[in-house]
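Chains as they are written, first to last, in the numbering used here: chain A, 1 to 139; chain B, 140 to 278. Ideal Cβ placement from N, Cα and C applies to all residues, glycine included. Remarks on the structure that follows.
Number of protein chains: 2
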Amino acid sequence: MKACDYTRDNMTDLLRQHGINPTHQRIEIAYALFSHQEHLCADQVMAIVNAKHSETSKATVYNTLNLFQEKGMIREVIVDPSKVFYDPNTHPHHHFYNIATGELTDIDVDDIGLTGLPQLPPGMVTEGVDIIVRVRPTA
Amino acid sequence: MKACDYTRDNMTDLLRQHGINPTHQRIEIAYALFSHQEHLCADQVMAIVNAKHSETSKATVYNTLNLFQEKGMIREVIVDPSKVFYDPNTHPHHHFYNIATGELTDIDVDDIGLTGLPQLPPGMVTEGVDIIVRVRPTA
DNA sequence: CAATTATTTGGAATGTGTCTAATTTGTTTT
DNA sequence: AAAACAAATTAGACACATTCCAAATAATTG
Ligand SMILES: [Mn+2]
Ligand SMILES: [Mn+2]
Ligand SMILES: [Zn+2]
Ligand SMILES: [Zn+2]
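Here it is, written out as structure tokens:
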């Protein structure tokens, strides 16, 4: 799917596909995340959605991002102790994290090989593997 | 160094080795982290240090943990959006994160192999690579 | 000892994120 | 369509980790 394919109508379908009732606010929040194709935190989403006229409350932005995540429509990225980033890319992938700017960049999981992880204790299952490469501009 | 080798006297040396002036509070905080050999967050450190009589303020705990980290004596682990964990193990290594209990377990870096990381853009250097394996008890 | 510097401290402030009870919106029933 | 019911949104209070600040203490220097 190309970036220009992320229309509000497509967001409505996407929401339905994830069993989420499409409302004005939910469509706008989904559109903010998917049309930008970026890793955004809650207050950035809020700023985008309310850019013209204030339309969506803080509570709804947080409720909705958590709902999207529970339904598997987006993913959380934990790299910054002060805020959560939300990622519209739910395919398995990893991240470069620019510690100077806070910018996140995807790393395709097909490219990388990871071996030698110790066996899990019995009764444990892997929920996911996150690789974060912290980078910074040369001093 | 064995666990029983972490005495308060050794902490004094360790602090000096990192260019940190050893004070009562700094020695206690270092001792809390190194003698436990665990991943602790700020309020756990505070609880340990003040277990008997309240001796160290919240501000000092935070100041000191940040100082230790800047001087490379300990390391931050970012896995939980609500709090930072501090790790007395500064050797390169990775982590299991039990999302049910919040417990962190080290993974030795010698055991694992990681290949295929894309080349960095020019002017960028890698500061570190963190691999976090999120695990949970079988449903 | 006096002066200076380093460290610690309580408490206020900041910033994310959650909670709650009231309102609005949407849907179903009669 | 009006009433009843359910779902979603909202403002603002709240919680909590962390930082900030200016005053108090402690340690060092001359
Ligand atoms: Mn969440
Ligand atoms: Mn920090
Ligand atoms: Zn991503
Ligand atoms: Zn560790």
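(Q) Tell me which residues share the same chain as B/K210 and place their Cβ nearer than 7 Å to its Cβ, disregarding the 5 neighbours each side in the sequence. (A) When the five nearest sequence neighbours on each side are left out, the beta carbons in the same chain lying within less than 7 Å of the beta carbon of B/K210 are those of H157, G158, I159, in order along the chain.
Q. Given that B/P276 touches chain A, what residues does it touch there, using C-beta distances under 9 Å?
A. G123, M124, V125
Q: Measure the alpha-carbon distance for A/V45 versus A/R8 and round it to whole angstroms.
A: 15 Å
Q) Which class does A/M46 belong to by DSSP, given the choice of helix, strand or coil? A) helix
Q. What number of angstroms, rounded off, separates the C-alpha of A/E103 from the C-alpha of A/H93?
A. 16 Å
Q | Chain-ordered list of residues that sit, by beta carbon, closer than 5 Å to a heavy atom of ligand 3 | A | A/D87, A/N89, A/D106
**Q.** Cβ shell of A/A100 (< 7 Å), same chain only, five flanking positions each side left out
**A.** The answer, listed in chain order, is R136, P137.
Q | Run of the alpha helix (DSSP H) containing B/E209, from where it starts to where it stops | A | 197-209
Q) Any contact of the segment 165-173 of chain B with the segment 124-133 of chain A, i.e. 3+ C-beta pairs under 8 Å? A) Counting Cβ pairs under 8 Å, fewer than three are found: no touch.
Q) Is the Cβ of B/R165 closer than 8 Å to any Cβ of chain A? A) no
Q: Please name the residue, chosen from A/M73, A/L120, A/K58, that lies closest to A/G31 on a Cα-to-Cα basis.
A: Going by the sequence as given, residue 31 of chain A is Tyr instead of Gly. Comparing Cα-Cα distances from A/Y31 to each of A/M73, A/L120, A/K58, the minimum goes to A/M73.
Q: Using a Cβ cut-off of 8 Å (strictly closer), state whether B/L206 contacts chain A.
A: no
Q) Can you give, in chain order, each stretch of the beta strand (DSSP E) that sits fully within the segment 200-276 of chain B and has at least 3 residues? A) 214-219, 222-226, 232-237, 243-247, 252-254, 263-276
**Q.** Contact list for A/R8 against chain B, beta-carbon separation under 7 Å
**A.** What A/R8 touches in chain B: nothing, since even the nearest Cβ is about 29 Å away.
Q: May I ask whether a heavy atom of ligand 4 can be found less than 7 Å away from the beta carbon of B/A216?
A: It should be pointed out that residue 216 of chain B corresponds to Val in this sequence rather than to Ala. Yes, since a heavy atom of ligand 4 falls inside the 7 Å radius drawn around the Cβ of B/V216.
Q. Under 8 Å between the Cβ atoms of B/I217 and A/V84?
A. No, the pair does not count as a contact, with Cβ atoms beyond the cut-off.
Q: Compute the Euclidean distance between the alpha carbons of A/E76 and A/Q69, then round it to the nearest angstrom.
A: 7 Å
Q) Pick from A/D87, A/P122, A/M124, A/L117: whose alpha carbon is nearest that of A/I107? A) A/D87
Q: Report buried or exposed for B/V200, applying the criterion of at least 16 other Cβ atoms within 10 angstroms of its Cβ.
A: Around the beta carbon of B/V200, a 10 Å sphere encloses 16 or more other beta carbons of the protein chains shown; the residue is thus reported as buried.
Q) Any heavy atom of ligand 4 closer than 7 Å to the CB of B/L243? A) yes
Q. Are the C-beta atoms of A/P81 and some chain B residue less than 8 Å apart?
A. yes
Q. Starting from B/E167 and walking both ways along the alpha helix (DSSP H), at which residues does that stretch end?
A. Its alpha helix (DSSP H) spans residues 163-175.
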